[in-house]
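Residue numbers (the UniProt record's numbering): 1 to 330. Even glycine gets a Cβ: it sits at the ideal position worked out from N, Cα and C.
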């Protein structure tokens with residue numbers, strides 16, 4: 001992982017102005033109707049969606065800046081996991097024309113985030129750990145036993161859905177009954193999707209364990225294809241949508257009362273909390289050393305999960321995307 005050295009030519013180039021993919025110029029709008037998410041630019045045309053995975057990073061539902069190579073890592077991991085789990089839960093992927101782009105079937109999103117949790121952890125105000133520490137023993141409709149410690153494995157994995165808030169607002173953890181009562185999903189569909197999401201999470205945990213990792217929790221987004229089939233959309237089991245810990249040091253960390261070693265965005269969340277930021281007010285500026293360390297963790301997850309050395313494309317991302325997507329150079 002020489003690329004993760006903050007002094008490597010690849011990292012220096014990525015940290016320099018123009019080295020990461022943030023905003024996309026207006027001429028990309030020829031690709032279709034644009035929708036800008038927190039970290040993705042989406043273009044829809046002719047029943048397909050082109051998803052450009054930027055290097056933007058968000059935490060506490062706030063966009064904070066960019067992390068080198070993050071878009072390439074997320075897109076590569078989404079491709080890996082979509083391929084690995086297609087037999088368990090079909091997905092929207094059609095092809096990958098660029099390290100930071102994915103072609104997909106245009107689907108109608110289900111307006112619920114399907115969050116599966118295997119451990120009592122998290123630092124956000126909506127996390128299961130924070131709720132438990134406040135004395136709550138029911139979370140998203142699930143009863144929790146007394147006597148659990150932060151980071152303990154839950155008696156069983158739980159589906160704890162959340163709302164999908166508009167960009168700039170915060171998601172809210174809710175229960176199945178809350179969603180059903182508001183007409184966001186019917187009870188029968190929810191129960192079917194709960195079983196499928198839990199099976200998908202179990203498969204992800206198994207693959208992660210074979211790589212020496214614990215898949216702690218994750219978020220799935222689902223949509224309905226034109227033929228009526230419900231499929232996975234967005235991404236799956238990436239460091240943005242999931243929490244990973246090293247398996248070999250988990251027991252020792254718990255015995256010492258320490259946080260497990262993590263390989264995901266939790267590193268960035270904890271740094272933000274240490275700066276006094278939990279999503280309210282202006283976020284702190286990310287120093288280059290924090291950006292480089294976050295990149296190292298993203299890349300390590302990619303290498304551990306895929307079993308392949310991460311070889312970044314260091315060409316300026318906007319120019320590369322123009323070429324690979326058939327746009328005229330500028």
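Within this structure, are the beta carbons of residue i and residue j separated by less than 9 Å?
i           : j           : result
residue 114 : residue 128 : no
residue 241 : residue 202 : no
residue 90  : residue 229 : yes
residue 320 : residue 330 : no
residue 298 : residue 260 : no
residue 312 : residue 64  : no
residue 53  : residue 34  : no
residue 19  : residue 316 : yes
residue 176 : residue 161 : yes
residue 412 : residue 56  : The structure shown does not extend to residue 412, since the chain is modelled only from 1 through 330, so no value can be given for it.
residue 265 : residue 243 : yes
residue 164 : residue 118 : no
residue 223 : residue 107 : yes
residue 85  : residue 263 : no
residue 24  : residue 235 : no
residue 151 : residue 253 : yes
residue 256 : residue 88  : no
Which residues share a DSSP beta bridge with residue i?
i           : result
residue 213 : 246
residue 114 : 220
residue 139 : 142
residue 309 : Looking at the DSSP assignment, residue 309 forms no beta bridge with any residue, so it has no partner.
residue 160 : According to DSSP, which records beta bridges pairwise, residue 160 is partnered with nothing at all.
residue 317 : Answer is none; residue 317 lacks a bridge partner.
residue 173 : 162
residue 108 : 224
residue 103 : 50 and 95
In whole angstroms, give me the CA-to-CA distance for residue i and residue j.
i           : j           : result
residue 331 : residue 44  : Coverage of the chain is limited to positions 1 through 330, which leaves residue 331 absent and any answer about it impossible.
residue 185 : residue 174 : 13 Å
residue 285 : residue 205 : 34 Å
residue 310 : residue 135 : 43 Å
residue 267 : residue 306 : 21 Å
residue 83  : residue 325 : 22 Å
residue 116 : residue 288 : 32 Å
residue 171 : residue 258 : 28 Å
residue 318 : residue 226 : 31 Å
residue 123 : residue 269 : 7 Å
residue 232 : residue 12  : 35 Å
residue 37  : residue 218 : 19 Å
residue 27  : residue 99  : 20 Å
residue 7   : residue 295 : 13 Å
residue 300 : residue 181 : 42 Å
residue 1   : residue 81  : Here residue 1 scores only 48 on pLDDT, less than 50, and its place in the model should not be relied on; the value that follows carries that caveat. Each residue's Cα considered, the two are about 21 Å apart.
residue 51  : residue 149 : 39 Å
residue 215 : residue 141 : 23 Å
residue 179 : residue 92  : 24 Å
residue 303 : residue 221 : 24 Å
residue 187 : residue 198 : 16 Å
residue 328 : residue 126 : 45 Å
residue 97  : residue 48  : 14 Å
residue 14  : residue 143 : 46 Å
residue 147 : residue 120 : 11 Å
residue 30  : residue 42  : 12 Å
residue 132 : residue 272 : 22 Å
residue 237 : residue 145 : 27 Å
Cβ-heavy atom distance between residue i and the ligand FAD below 8 Å?
i           : result
residue 300 : The ligand FAD is absent from the structure shown, which contains no ligands of any kind.
message: Count Cβ pairs between the stretch 208 to 218 and the stretch 236 to 251 that sit closer than 8 Å; are there 3 or more?
response: yes
query: Are the stretch 58 to 75 and the stretch 192 to 202 touching, with three or more C-beta to C-beta distances below 8 Å?
result: no
- prompt: Can at least three beta-carbon pairs, one atom from the stretch 51 to 67 and one from the stretch 271 to 287, be found at a separation below 8 Å?
  reply: yes
task: May I have a chain-ordered list of the alpha helix (DSSP H) segments no shorter than 4 residues that lie completely inside the stretch 2 to 87?
output: 9 to 15 and 70 to 85
task: Let me know the alpha helix (DSSP H) ranges lying completely inside the stretch 228 to 304, each 4 residues or longer, listed in chain order.
output: 250 to 256 and 266 to 274
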